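In what follows, a single structure is set out as structure tokens and then discussed.
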Amino acid sequence: MLKVGDVAPDFTLASVRGEITLRALRGKMVLVYFYPKDDTSGCTRQACDFRDHMAVLSDHVTVIGISRDSLAKHRAFQSKYDLNFDLASDEAGKVCEAYGVWVEKSMYGRTYFGIERSTFLIDEAGHIIALWRKVKVPGHVEAVLQSVSVSGS
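Residue 15 is where the sequence shown starts when you use my numbering, and the numbers rise one by one after that.
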């Protein structure tokens, strides 16, 4: 299980804006958030919350949303909600596994595997400096903004 202080696992993924590699972003703070599925109510609200706060976030951090949805679904989701940050596709689930967000879940007595909504704040040297697991969407962006502004000042 990753924790604050650990080096964030590197990844290269296809994204809406092209290929994205975490290592290539060294020297910048990066916010990587994992979410279950494009165009669902909670994921839409979370993405729109990040979108609506990008004027402040982009002064401090590069935001990347990751799910196991395809690039085609990401493109449609980004376009539909005018998202102003990158979405990366982890269809194989390797990055989700490396970050420990591919977990067993249960709903209505049925167990299945899925993405645990989680966010990782990564510093310029590639270390995790804050993380949130089992994220509840209401209030999350505000908590991220507080950590970003404290870390980025």
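Yeah, the Cβ is synthetic: ideal placement off N, Cα and C, and Gly gets one too. For clarity, every value in this text was computed on a predicted model and none was experimentally measured.
Residue range of the beta strand (DSSP E) that includes residue i
i      : result
VAL75  : 75–81
PHE127 : 124–129
LYS119 : 116–121
CB contact flag (residue i, residue j, <8 Å)
i      : j      : result
ILE142 : ARG82  : no
ALA22  : ALA102 : no
MET43  : ASP137 : yes
Integer-rounded CB distance, given that residue j should sit under 8 Å from residue i
i     : j     : result
GLU30 : HIS88 : One point to set straight first is that residue 30 is Val, not Glu, in the sequence displayed. VAL30 to HIS88, Cβ: 5 Å. Contact.
Alpha-carbon to alpha-carbon, residue j and residue i
i      : j      : result
TYR49  : THR35  : 19 Å
SER161 : PHE91  : 27 Å
GLY64  : GLY123 : Just to set this straight, residue 64 is Phe in the shown sequence, not Gly. The alpha-carbon atoms of PHE64 and GLY123 are separated by roughly 32 Å.
ALA38  : GLY153 : 30 Å
GLY107 : GLU33  : 16 Å
LEU159 : VAL75  : 10 Å
TYR95  : ALA61  : 8 Å
Enclosing alpha helix (DSSP H) for residue i [first to last residue]
i     : result
ALA86 : 85–94
* Can you give, in chain order, each stretch of the alpha helix (DSSP H) that sits fully within the stretch 15–83 and has at least 4 residues? -> Restricting attention to alpha helix (DSSP H) runs no shorter than 4 residues, the stretch 15–83 encloses them at 55–66 and 68–71, ordered along the chain.
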